[in-house]
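Asker:
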Amino acid sequence: MRRFAVPAGVRVFLCVLLLSAEGEGRGRMLSFRRTQQDESRGQARSRPRRDASGALRSSYGPPFTSCRVPLTPAEHKVLDDNTHETGFNGDDGSYVILTWVGDGTGVVLVLSTFSAPIESFLEGGSSRLYRSTDYGKSFRDISHRINHTFIREEFGVSVGPGSSVILTADIPVVDNRGGIIFTSTDAGATFRFIQLPFHLAQPITYHFLNPDYLAALSIDGGLWLSLDFGAKWTKVHDGVHSFSWGAGINLFFSYSRVDSVEAEERGNLVLKRTNDLGKTFTTIHDDIYSFGYIGAFLFFSVMEDSRSPRVMYFSSDQGDTFSQALLPSASTEQFYSILDGDEDMLFMHVDNPGDTFFGTMYTSDDRGILFSKSLERHLFDGQRKSDFTNITSLRGVYLTNKLDDDGRIRSVISFNRGGTWKQLNKPENVECGDQVQNCNLHIHGEHSRNNRIVPMLALSEPTAVGLVIAHGTVGDSLSSSQHPDVFVSSDGGYNWRGTLRGPHHYSILDSGGLIVAVEAHREGQVKTIKFSTDEGQCWKSYNFTEQPFFFAGLASEPGTKAMNVSVWGFRPEEDAQPMWVAVTIDFQSLITRECADQDYEEWLAHSSYTEGELEISGCVLGIKEIYRRLKKQSVCRNGRGFVMSKKQTPCMCTRKDYLCDFGYDRDVNTSNCVRQSSAANKTSEICHDGEDDEPLSAGYRKVPSNKCEGGFNPQLHVQTIVRPCGVKPSPGPPGRSSSPATHFDTPRERLVLILVCAGAGVVVLVVVISALIAVRRVVYRHRTPAYRFSNLQIQDNENGLAADLESTTSTNGTVCQHDSDDDLIG
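If you want it as structure tokens, here you go:
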């Protein structure tokens, strides 16, 4: 929740709820709240001071200039004619939720309510529901469609795929009839009243693709399913702690065999799966602490015994098989967090012991088993907030902050999915001066927003290729004493430019063809919006109202296709409740020309890399990409039909397209992957019915998602030696499973050399094709194999230090968000 301190005894809370539909990762809902301002948060920040020349003083960091262009009278009139203001009566409620419904429908729902019915009763107000069908230009009161029922503040509005909406009524738990929901399949044009047979403990969860499939958790631990968009509900299990949809119609959940929270804390939960919507169940593992699902990976942490750290397992086949992840062990005082993930790999943070506020970031292979060190001293503050950010406007780019040995926070960026990290370049229009030894841009992240230093995080959109907007400071490290400014990159983070002085709220419209921003005034009211049609090089300002108001939020339709933006806030009223205000500005009326072919240019992504680390310009993760994007000088609109197009060409493989396999290190002199001396001639073992299956790797494995072809090619064949295991037992995963614990996948395209021990010691040499691998997999599904990993040392190429990763790994990450949930990070 983002909080804004304003004068006149009022504070505004702004919470951005990341509720997605149809796979979108962008937020569809904003909620605003008025409360009394407490003294500690009500202090207004002093205004910036200038020296005699008018330049900003050092508290703002190095000065920079940006282009300002005044509006012409004709432009001002056009915007005046297409700016619409709507007031919502202050006695409607102290909490307002705004959400978009559907894709391109123009429907906006606004719920005005109180935190509880008793509060509304005492204050004489009521919940009201408003609907707009023209992107927020006008609203109708449709409260009668839900019988003026009080809707919950906490999770009262839920938007799903298509045009589906669910409103949850705020009904006292003592009501034995259960809760009440209102459902709509036509974007709120009509609603259906439904009496639930239970009380909700958390928001109803939509299936990813089918909005008719709903899952819900009741306050007594019941897992309920509906297959007809809430009309009928069936309880499928009791004692459920948490659940998550997987691929297809797989539904995962953990439950406790005993009715005790204390038992759950000891890791006595059972992880189950149903792949037929509650008809049958499969037990995946006993004694788990928590679990999550992200990308294509199911992961769960296991309490092998009460005295040991938790151990984490991953599955890439919906729990049919799973393997213990190779990560360093951690005590119960430490935590793990999955930062990001997709079908190819995961980013994992492992906390350092003690209150260090940092840890180590790892990246996984495509099975979620082998993890490689990506970044040391990765910042994770005491409230478990990470600054890790996926720059979605360019493939392979990630941004985060690290806490260096000198106690300073510095920003680093990776252009190859965590393979290497470097500091950000100094913005082109900023000079630090001789007194600063290392002049770089440093970006404020979640840590800064949580401490109210900045109002927004870095912003990027897949449809606005290369565009990144972020708050930052320029100097030796990230500074909280300097006023944060707004910086823009047009090439995915390689080069930056200072664009706006001071903190702002900003939004990307028209697939990157338009940027809008409103200055974040802690001590004043707002009436001006700034906009740019050239990715922040030049800005124009427009006064959208004659009567300023306290700012609450900047809202635009998800997906960046629209050219409408709404500025939300409220005006204090004498002897009355403040009035909520929404001002919607339609920039399509100003930018009327549709873009033509001559307005676009071809742009080679990652071509700004100038340090010689890429053998072929523009090649990242084995692909060269050429995008068709809008020229900065073109003032036109992409429109709703705009589709971002690109050409992909595979690159020749180099050693940089490969990681060192388990048991191998990168030689600092030759860059070759060489066997670790501590590997003891064996990297891993799988024991099957008294036999060891030892794969002898060539030492390399391709980086996940890498599509390079030809060029550098490690040894194509892998030796596999099958021999008696001996008497040493295999420490397999604990607990019971309805399917094998794991299997070792040998790449299909490789030849396998097998030594078979015959009865009298005769050795038969057989060369088989990859079809044999499929046969081996079928056979292994009827066994119970288990990994036995030796300790792993990862060489730090920068300082020559080595860190031991124990074979007893630990624990974990997230279900919905890209940071860990409360169970997994504890």
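The working numbering numbers the first residue of the sequence shown as 341 and each following residue consecutively. The C-beta atom is built at its ideal place from N, Cα and C for all residues, glycine as well.
Work out the CA separation of ASP443 and SER817 for me, nearest whole Å.
Answerer: The alpha-carbon of SER817 is positioned some 41 Å away from that of ASP443.
Asker: What are the boundary residues of the alpha helix (DSSP H) that LEU419 is part of?
Answerer: For LEU419, the enclosing alpha helix (DSSP H) begins and ends at 413 to 421.
Asker: Just to confirm, are PHE884 and VAL921 a CB contact at a threshold of 7 Å?
Answerer: It is not a contact, given that the beta carbons lie outside the stated cut-off.
Asker: Is it right to say PHE533 is buried, meaning 16 or more other beta carbons lie within 10 angstroms of its own, or is it exposed?
Answerer: exposed
Asker: Of all the options ILE589, SER558, LEU554, ILE848, which has the alpha carbon lying nearest to the alpha carbon of LYS572?
Answerer: Nearest of ILE589, SER558, LEU554, ILE848 to LYS572, Cα basis: LEU554.
Asker: Return the bridge partner residues of LYS766 from the DSSP annotation.
Answerer: Bridge partners of LYS766: none, in fact.
Asker: So what's LEU687 in DSSP terms, helix, strand or just coil?
Answerer: The sequence shown places Phe at residue 687, rather than the Leu named in the question. It is a strand residue.
Asker: For the region 714 to 726 against the region 793 to 802, do three or more pairs of beta-carbon atoms, one drawn from each stretch, fall closer than 8 Å, so that the two count as touching?
Answerer: no
Asker: Looking only at C-alpha atoms, which of VAL576, ASP568, LEU549 sits nearest to GLY562?
Answerer: VAL576
Asker: Got a sec? Which residues, its chain only, sit under 8 Å from SER819 by beta carbon, not counting five neighbours each side?
Answerer: GLY401, HIS782, THR813
Asker: Mind the definition here: the region 874 to 889 touches the region 923 to 941 only if three or more C-beta pairs lie below 8 Å; say whether that holds.
Answerer: yes
Asker: Figure out for me which residue from GLY570, LEU667, HIS416, ARG707 has the closest Cα to the Cα of ILE634.
Answerer: ARG707
Asker: Give the straight-line distance between the Cα atoms of GLY681 and PHE687, rounded to the nearest whole angstrom.
Answerer: 6 Å
Asker: Using 8 Å as the cut-off, can you tell me whether the region 523 to 543 makes contact with the region 497 to 509, which would need three or more C-beta pairs spanning the two stretches below that distance?
Answerer: yes
Asker: Taking the alpha helix (DSSP H) that GLU786 belongs to, which residues open and close that run?
Answerer: Taken as a continuous stretch (DSSP letters only), the alpha helix (DSSP H) holding GLU786 covers 786 to 790.
Asker: Give the range of the beta strand (DSSP E) segment to which HIS844 is assigned.
Answerer: 844 to 849
Asker: Do PRO824 and HIS811 count as a contact pair if the criterion is CB distance below 7 Å?
Answerer: yes
Asker: Locate the beta strand (DSSP E) running through VAL505, then write down its first and last residues.
Answerer: 505 to 508
Asker: Does the distance from the CB of ILE482 to the CB of THR453 come in under 7 Å?
Answerer: no
Asker: Go through its chain and collect everything with a Cβ distance to GLN928's Cβ below 6 Å, but skip five positions before and after it.
Answerer: Correct list, in chain order: MET903.
Asker: Less than 7 Å between C-beta atoms, sequence neighbours within five positions excluded: which residues of the same chain meet that for THR839?
Answerer: SER406, VAL826, PHE827, VAL828, GLY876
Asker: Excluding the 5 residues flanking ASN756 on each side, which residues of the same chain have their C-beta closer than 7 Å to its C-beta?
Answerer: Within the same chain, ASN756 has close Cβ partners GLY736, VAL960, LEU961.
Asker: Could you pull out every unbroken beta strand (DSSP E) segment of at least 3 residues lying fully inside the region 715 to 781, listed in chain order?
Answerer: 738 to 743, 749 to 754
Asker: How do the region 976 to 993 and the region 744 to 758 stand: do at least 3 beta-carbon pairs fall below 8 Å, yes or no?
Answerer: no
Asker: Which residues share a DSSP beta bridge with LEU591?
Answerer: Answer is TRP585, THR614, bridged to LEU591.
Asker: Would you kindly report the start and end of the unbroken beta strand (DSSP E) that includes CYS878?
Answerer: 878 to 883
Asker: How about SER851 and ALA804: do their beta carbons lie closer than 7 Å?
Answerer: With respect to ALA804, SER851 sits close: the two C-beta atoms are nearer than 7 Å.
Asker: I need the DSSP call for ILE793, collapsed to helix, strand or coil.
Answerer: coil
Asker: Between GLN1016 and the rest of its own chain, which residues show a CB-CB distance below 7 Å, the 5 nearest in sequence each way excluded?
Answerer: GLY1003, TYR1004, ASP1005, GLN1133
Asker: Pick helix, strand or coil for LYS870, following the three-state DSSP scheme.
Answerer: strand
Asker: So, with DSSP's three-state summary, where would you put ARG1041?
Answerer: strand
Asker: With a 10 Å radius around its C-beta and 16 neighbouring C-beta atoms as the bar for buried, classify GLN542 as buried or exposed.
Answerer: Result: exposed.
Asker: Which value, in whole angstroms, describes the spacing of the CA atoms of PHE569 and ARG995?
Answerer: 52 Å
Asker: Does DSSP put GLN917 in a helix, a strand or coil?
Answerer: strand
Asker: Check whether the region 765 to 774 touches the region 735 to 750, counting contact only when three or more Cβ pairs, one atom from each stretch, lie closer than 8 Å.
Answerer: Taking 8 Å as the limit for Cβ pairs, the verdict is that the region 735 to 750 does not touch the region 765 to 774.
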